[in-house]
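*Asks:* Residue numbers (mature numbering (1 follows the signal peptide of the UniProt record, and there is no 0)): -18 to -1, 1 to 135.
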Ligand SMILES: [Cu+2]
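1) So, using beta-carbon positions, are residue 128 and residue 110 closer together than 8 Å?
2) When the Cα atoms are used, what is the spatial distance from residue 8 to residue 18?
3) Tell me the rounded alpha-carbon separation between residue 123 and residue 24.
4) Could you have a look at residue 8 and say whether DSSP puts it in helix, strand or coil?
5) Relative to the C-alpha of residue 82, which residue among 135, 56, 93, 117 is closest?
6) Can you have a look at residue 114 and say buried or exposed, based on whether 16 or more other CB atoms are within 10 angstroms of its CB?
7) For residue 38 and residue 107, what's the separation of their Cα atoms in angstroms?
8) Below 8 Å on the Cβ atoms is my guess for residue 104 versus residue 135; work out the distance and round it to an integer in Å.
9) Our contact map puts residue 52 next to residue 67 with C-beta atoms below 8 Å; I'd like the distance itself, whole angstroms only.
10) Cutting at 6 Å between CB atoms, please list the residues of its own chain near residue 102, excluding the five before and the five after it.
11) What is the chain-ordered set of residues for which the beta carbon lies under 7 Å from any non-hydrogen atom of ligand 1?
12) Using a threshold of 8 Å, state whether the C-beta atoms of residue 78 and residue 119 are closer than that.
13) Just checking my contact of residue 27 with residue 54 at CB under 8 Å: how many whole Å lie between their CB atoms?
14) Which residues share a DSSP beta bridge with residue 31?
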């Protein structure tokens, strides 16, 4: 008869510790549910027009940047900072030299993120968006974007 209370206490203790263990489980679950930061995306993109669109001139190219800061061109390279360039109907001249001031290269050194385009001949055109540092050298770590459109008029 004397052992019964001891057994009851032991049972109560194990119940409490089971409960406290159960209480901790949701905490562990909520910690696990905290979103883990995805790998940083470092890229620029042409938000509009959309790939394959037909456009009438003038039209506006809108750019977006992820993982880099768009700043005015200063002539000096700074990590993680740069400005947009559009290359129209041509290839990127060099991956390691400054983008030239050429008719097919539009420098957006004022840190703008959109540009009105006109003067293209009707027909298909390819536009490459390239992000370059303050010295206009393409940043290899920033993914580029290519847009193919058809100019109607
Ligand atoms: Cu530039």
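Beta carbons: idealized from backbone N, C-alpha and C, even for Gly. Source: prediction; values computed, not measured.
*Replies:* Once the coordinates are examined:
1) Working through the chain shown from its first residue, we reach residue 128 at position 146. Working through the chain shown from its first residue, we reach residue 110 at position 128. Yes.
2) Stepping through the chain shown from its first residue, residue 8 is reached at position 26. Stepping through the chain shown from its first residue, residue 18 is reached at position 36. Here the model assigns residue 8 a pLDDT of 48, short of 50, so the residue's position is not dependable and the matter cannot be decided.
3) Working through the chain shown from its first residue, we reach residue 123 at position 141. Working through the chain shown from its first residue, we reach residue 24 at position 42. Cα to Cα, the separation comes out at about 7 Å.
4) Residue mapping note: residue 8 aligns to position 26 of the chain shown, counting from 1. Model confidence at residue 8 stands at a pLDDT of 48, short of 50, so the residue's coordinates are unreliable; what they give is reported in the following sentence. Here residue 8 sits in helix by DSSP.
5) As a working mapping, residue 82 is identified with position 100 in the chain shown. Looking at the Cα atoms, 117 is the closest of the given residues.
6) In the chain shown, counting from the first residue as 1, residue 114 sits at position 132. Buried, because 16 or more other Cβ atoms sit within 10 Å of the Cβ of residue 114.
7) Residue numbering aside, residue 38 sits at position 56 when the chain shown is read from its first letter. Residue numbering aside, residue 107 sits at position 125 when the chain shown is read from its first letter. Taking the straight line joining both Cα atoms gives about 13 Å.
8) Taking the first residue of the chain shown as position 1, residue 104 is located at position 122. Taking the first residue of the chain shown as position 1, residue 135 is located at position 153. So it is a contact: roughly 6 Å between Cβ atoms.
9) Taking the chain shown and counting its residues from 1, the one referred to as residue 52 is at position 70. Taking the chain shown and counting its residues from 1, the one referred to as residue 67 is at position 85. The Cβ separation is near 12 Å, so there is no contact.
10) Within the chain shown, the letter at position 120 stands for residue 102. Within the same chain, residue 102 has close Cβ partners 133.
11) 55, 65, 67, 81, 89, 91, 114, 118
12) Mapped onto the chain shown, residue 78 falls at position 96. Mapped onto the chain shown, residue 119 falls at position 137. Contact: yes.
13) Position 45 of the chain shown, counting from 1, holds the residue named residue 27. Position 72 of the chain shown, counting from 1, holds the residue named residue 54. About 21 Å; that fails the 8 Å criterion.
14) The sequence position of residue 31 within the chain shown is 49, counting from 1. Bridge partners of residue 31: none, in fact.
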